[in-house]
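Notes for the one structure printed next.
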Amino acid sequence: MNIKLDNVTFDLKENHDFSWLHKLGNVFRVYYNQDSGNLLFGVEKDHVKKFIKYAGARPIEYEGTPEDAVCRLKEAIVIYENIKHPNLLQFQQAIQCPHGVAAMFEWFDGRGMHEAWTFSQCGKLEPESPYYQYLHLPIEKRLQSINAIFEFLTYVEWIGYVAVDFYDGSIMYNFEHDITKICDIDSFRRKPAINVMGEKFWGSKRFKAPEEYILGAKIDADTNVFTLGAIILHLYGNYTDSEVAQMYRYNAFFA
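Throughout the sequence shown, residue numbering follows the numbering used here, covering -13 to 241 in sequence.
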């Protein structure tokens, strides 16, 4: 089903009512190839841009139910209400919609480090990709960016959360002003959390700690340390299988 909202078009598995969205402004961008069940919109009203995350429809890449996506986004809204940090995309309000729920955030003019809808994992090394451009920034700028991520995850640890499903797609970078923002903490958990899903625990295989594959394992401060190490390794070089294996050895040694 092809949907047209203002100047953007996108596909859904079935038609859906987005009349509520027009009250928030003109839709100028949509990201609809999400397997999370969410749709992401950029809207503008009175020259002010906002970022809207919505659950309740049936995105083409999503295999679950709208009801499950709505429940997850409602849980995520509580997380955004509890975690406030200058390096995190600012959550502004929750919006109850006729057939779902939406979360409104500030708009940030940045590029994601994993634009899966444009570049595949291999395609991320193409010169046009933001990841490639990030890798070729001066080392001072990348150190500044890593420090922003470190500051955020340190704060997350301090207030008692674990960075679950935190990966390069959770990081945005503004190349004009050299600003790093975290944009996705939907799956973060209060610690100590428990892995109740085994190998299917939330997260990208490129960044998951060993305990995130083990049913019943604690997901805690060690997980935060591993995740930060994986992020740094990924943003400072080619993420090879040998590097991943080395990370696992280090994690086992310090455990």
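Note that beta-carbon positions come from the ideal geometry of N, C-alpha and C, so glycine has one too.
| Item | Value |
| --- | --- |
| Of the listed residues GLY28, SER173 and CYS169, nearest to GLY11 (C-alpha basis) | GLY28 |
| GLN119 - DSSP class collapsed to helix/strand/coil | helix |
| With 16 other Cβ atoms within 10 Å as the buried cut-off, status of PRO178 | exposed |
| Residue-chain proximity (ASN(-7), chain C), Cβ-Cβ < 8 Å | In the structure shown, chain C cannot be found, because there is only a single protein chain. |
| Residue burial classification, PRO116 (beta-carbon count within 10 angstroms, cutoff 16) | buried |
| Rounded distance between the beta-carbons of CYS83 and TRP188, thought under 8 Å | Contact flag wrong, Cβ pair sits at about 25 Å. |
| Distance between PRO124 and PRO113 (C-alpha atoms, nearest Å) | 16 Å |
| Buried or exposed (CB count within 10 angstroms, at least 16 for buried), PRO52 | buried |
| Inter-stretch contact (C-beta, 8 Å, three-pair minimum) for the segment 148 to 157 and the segment 205 to 222 | yes |
| First and last residue of the uninterrupted alpha helix (DSSP H) at GLY86 | It is not in any alpha helix (DSSP H) - GLY86 instead sits in the beta strand (DSSP E) that spans 86 to 92. |
| Residue nearest to ILE171 in terms of C-alpha spacing, selected from ALA134, PRO196, THR(-5) and GLU61 | GLU61 |
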